[in-house]
Amino acid sequence: MKLVKNYVTMMAKTFALTLLTVAVFTSCKKDKDVSADQPSSIEGKWTGMRGDGNETPDYDFRFTIKKGGSIDATNANGAVKGSGSWTLNGTEFIAQYQFVAPLLTKYMIKGTYDKTSGKLTGVWGFDDGFYDEGTWYLNKQL
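As structure tokens, then:
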């Protein structure tokens, strides 16, 4: 009888340990890396306005932000006017692009991405590194 009791106790302990091990491994999962998803949240078509100096933005401003850090400046018909690159570090958005020939003008834009409103806002400049030419805003198109 004592042998049976010891065997049952050992089996109960083994079963409990097995259940505990299964529970630990099935309940633990890796947290999703939020920063890995962040760039994809801004990919797509964006439209808005750009202003010169202290003026209220009133010039058409459009971009297609692509995977892999490339960006296209486009017109209202979707034709590419210029191309370049972009980065998003937290909420800070920075892009550089150059118009296609014959203009070849280089631009830099710097701004903030507000995930809640789905809006980009910032300042712009030429390739001199200063963002002192005016302001802009963009809204993501669905």
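Just add 171 to wherever you are in the sequence shown, counting from 1, and you've got this note's numbering.
In this text, a Cβ means the ideal position worked out from N, Cα and C, and glycines have one as well.
In this chain, the alpha helix (DSSP H) harbouring Ser212 covers 205-213.
Bounds of the beta strand (DSSP E) holding Asn310 are 305-311.
In this structure Ala266 is buried. Its beta-carbon is surrounded by 16 or more other beta-carbon atoms within 10 angstroms. If you draw a straight line from the Cα of Val294 to the Cα of Ala272, it comes to about 24 Å. Beta bridge pairing from DSSP links Val294 with Lys281, Thr306. Under the 10 Å beta carbon count, Thr245 is surrounded by 16 or more other beta carbons and is classified as buried. Looking only at Ser288, Met279, Gly300, Asp243, the smallest Cα-Cα distance to Arg233 is reached by Asp243. A distance of 7 Å or more separates the beta carbons of Asp231 and Gly305. The criterion of a C-beta distance shorter than 7 Å is not satisfied by Tyr302 and Lys286. Taking each of Glu263, Ala247, Glu226 in turn and checking the Cα distance to Thr283, the smallest one comes out for Glu263. In this structure Gly253 is buried. Its beta-carbon is surrounded by 16 or more other beta-carbon atoms within 10 angstroms. No Cβ-Cβ contact shorter than 7 Å links Asn260 with Lys290.
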